[in-house]
Amino acid sequence: MSNGLRGRTALVTGGGSGIGRACAGALAAAGAEVHVVDIDAGAARTAAREVGGVAHVADLADPDAVAALPAAVDILVNNAGLQHVAPITEFPPERFVRIQQVMVTAPFLLMRRTLPAMRERGWGRVVNISSVHGLRASAYKSAYVAAKHALEGLSKVAAIEGAAHGITSNCVSPGYVRTPLVEGQIQDQAAAHGLAPEAVVGDVLLARSPVKRLIEPAEVAAAVLWLCGPDSGYVTGISLPVDGGWTAG
Ligand code: NAD
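To get my numbering, take the position in the sequence shown, counting from 1, and add 1408.
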């Protein structure tokens, strides 16, 4: 879709790293002007420079910071996320709340902020980076699984409300992607299970995935780009698993 998004403006949260960074790159390569939002100032600036876009340093758990982000965008990619692994009985409540703030409340506030301009133009694309954990549960990930299931529901409501206005809203729901977030989990799980990191990838992370490799961020970004392109206007309210067959089982 080279230049297919020329004239469009996109906002990508968590655009400083991993999947968000790959999305920012793919959208910019297709011609969009990209706003890169991240709590990590250095990462936001580097990624924005890389794609010729604009960096915004914001903690998405802070509603005032969200309220300062651009409202007049055509494409919203709700991607920022974080993980915490612990049994429910030991899960720190403040960590649970923060995960909901960043991964559910911020996407809601950003939709609330950006949908009016999309409606005015009669075109908009909301892509929510969910997860296979928006569709399936795993032990020790209560906050993350709850947040991703909530995001799946929020995305469907935005799809129904946006349909009459040329706005689609969809989730992209990956299995394990080779990003810093997963590298961290590999270390945590290795410690929790007393395994070598390579064994964690094969035996723990990919245990339920028929395709036995991590996904590359660019493969997720390609799905996001397609959902923002000219051939997907009838695709709305879905969750697109990019999960190596995990949810087929
Ligand atoms: P990552 O850690 O590489 O990147 C996440 C980015 O979000 C980081 O740059 C981080 O600074 C930013 N961020 C975190 N908290 C923030 C906050 N409060 N305000 C602003 N920015 C914040 O992670 P990733 O693997 O690229 O994950 C991106 C999204 O993809 C997440 O929503 C994650 O749940 C989802 N996802 C990841 C995988 C995977 O295997 N990596 C799988 C499924 C879904």
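We put the CB at the ideal spot given by N, CA and C, even for glycine. Small disclaimer: the values here were computed from a predicted structure and weren't measured.
Q. Quick one: what does DSSP say Leu1477 is sitting in, helix, strand or coil?
A. For the purposes of this step, residue 1477 is identified with residue 69 of the sequence shown, where counting begins at 1. In the displayed model, Leu1477 falls within coil according to three-state DSSP, outside both helix and strand.
Q: Output the boundary residues of the beta strand (DSSP E) element that contains Ala1463.
A: Indexing the sequence shown from 1 puts residue 1463 at position 55. Element bounds for Ala1463: 1462-1465.
Q: Using only alpha-carbon positions, find the residue among Leu1419, Gly1570, Leu1518 that is nearest to Pro1471.
A: What you label residue 1471 is simply residue 63 of the sequence shown in a count that begins at 1. Ranking the options by Cα distance to Pro1471, first place goes to Leu1518.
Q) Secondary structure at Gly1532, three-state DSSP: helix, strand or coil? A) The residue given as residue 1532 occupies position 124 in the sequence shown. Of the three classes helix, strand and coil, the one that applies to Gly1532 here is strand, per DSSP.
Q.
Here's the rule: buried if 16 or more other CB atoms are within 10 angstroms of the residue's CB, otherwise exposed. What is Ile1568?
A. Residue mapping note: residue 1568 aligns to position 160 of the sequence shown, counting from 1. Classification of Ile1568: exposed, given that the 10 Å Cβ count is below 16.
Q: State the beta-bridge partners of Pro1582 as determined by DSSP.
A: Position 174 of the sequence shown, counted from the first residue, corresponds to residue 1582. Answer by DSSP bridge pairing, in chain order: Val1650.
Q) Which word fits Ala1547, buried or exposed, when buried means at least 16 other C-beta atoms lie within 10 angstroms of its C-beta? A) Within the sequence shown, the letter at position 139 stands for residue 1547. Classification for Ala1547: exposed.
Q: Work out the CA separation of Ala1555 and Gly1659 for me, nearest whole Å.
A: Only positions 1409 to 1657 of the chain appear in the structure, and residue 1659 is not among them; the question remains open.
Q: Report the residue from Ala1566, Arg1529, Gly1489 whose alpha carbon sits nearest the alpha carbon of Ala1551.
A: For the purposes of this step, residue 1551 is identified with residue 143 of the sequence shown, where counting begins at 1. Checked all of Ala1566, Arg1529, Gly1489; the closest Cα to Ala1551 is Gly1489.
Q | One or two residues paired with His1541 in a DSSP bridge | A | The residue you call residue 1541 lines up with position 133 of the sequence shown. When DSSP reads this structure, His1541 sits in no beta bridge, so it has no partner.
Q: Under 8 Å by Cβ, that's how I've got Leu1658 and Val1512 pegged, so tell me the actual separation to the nearest angstrom.
A: What the structure shows of the chain is the stretch from 1409 to 1657, and residue 1658 is not part of that stretch, so it cannot be assessed.
Q: Give the single residue among Ser1581, Val1609, Pro1605, Ile1646 whose Cα lies nearest to the Cα of Glu1627.
A: Mapped onto the sequence shown, residue 1627 falls at position 219. Checking every option, the nearest Cα to that of Glu1627 belongs to Ser1581.
Q) For Val1465, which residues of its own chain have a beta-carbon under 6 Å away from its beta-carbon, when the five flanking residues on both sides are left out? A) Taking the first residue of the sequence shown as position 1, residue 1465 is located at position 57. Answer for Val1465: Ala1449, Ala1452, listed in chain order.
Q.
Below 8 Å, how does it come out for the stretch 1470-1487 and the stretch 1520-1539: are there three or more Cβ pairs, yes or no?
A. yes
Q.
For the ligand NAD, is there any heavy atom lying closer than 6 Å to the beta carbon of Asn1487?
A. By one-based count along the sequence shown, residue 1487 stands at place 79. Asn1487 Cβ: within cutoff of the ligand NAD.
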